[in-house]
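Before any comments, here is the structure.
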């Protein structure tokens, strides 16, 4: 089974290619009355379209031209879904979907979930259907939930043109371009190699502990580029002194005290006397 809405889009393209004429009702049909909020109520849906609200919405209504994010499942009654999605974005009323879908979507609000039965083939896939997935004159059942909806963001050209700082003539545009080049020329060239690395290292921060909220520069002895290297140097020197002084020893290493040193000294003396005695015996002394 096909589980993506892409096949629904593809079906309309195939209809156009093979010349199949499917009668769809326009979204602006007089059968669809609109409320003052731009949404169609249950009583104002056209005939052949039955909507059952499973969960009431708590957000703004979905309007024509909105970018809606929906969770949906489409199926022929008593059949497996031929299209579904957990999160799909689409433009409401752009003509890429069947009319029944767009009409119902514009009757919903954000957060609402509804089960829709499209009984009129003119609001669905028409008399031709889309074999083998959708039979001719088939009813369509849609389970749809509106997750989010927002207006399309458009570029306000009027606002840009009314801005007095916007260059309008060729001379103004050329002057603005020359001004940008001049400002760029005033910037010092970026240093490379070791010199560039040192220049960049001046601005490095380990932590912003000494940066005031007012933006006032900290004293030189509190600058991170000086304070932290100095702290690391002091810690390293202290560690070295501790190791040399014997304050830090290897775990499991043998430790000797004064008694051990006396015993080792007597052992050394005894070994020396024994060696001398053996040497005298060999000489016959």
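Numbering (UniProt numbering), first residue to last: 1 to 285. Every residue gets a Cβ at the ideal spot worked out from N, C-alpha and C, and that includes glycine.
- The DSSP-derived three-state label of residue 195 is helix.
- When C-alpha distances from residue 146 are compared across 271, 77, 91, 278, the shortest belongs to 91.
- The straight-line gap separating the alpha-carbon atoms of residue 106 and residue 50 is approximately 14 Å.
- Ranking 82, 86, 98, 69 by CA distance to the CA of residue 152 puts 69 first.
- Close CB contacts of residue 53 within its chain, under the 7 Å cut and outside five residues either way in sequence, are with 112, 114 (chain order).
- Taking a cut-off of 8 Å on C-beta distances, the region 60-75 touches the region 84-103, as three or more cross pairs fall below it.
- No residue range can be given for residue 94, since it is assigned to no beta strand (DSSP E) and is classified by DSSP as neither H nor E.
- Every beta strand (DSSP E) stretch that sits fully inside the region 50-91 and reaches 3 residues is listed by chain position as 67-75, 81-91.
- If only complete runs of 4 or more residues are kept, the region 106-157 shows no alpha helix (DSSP H) anywhere.
- Straight-line measurement puts the Cα of residue 109 at about 57 Å from the Cα of residue 197.
- Residue 127 has its alpha-carbon roughly 16 Å from the corresponding atom of residue 97.
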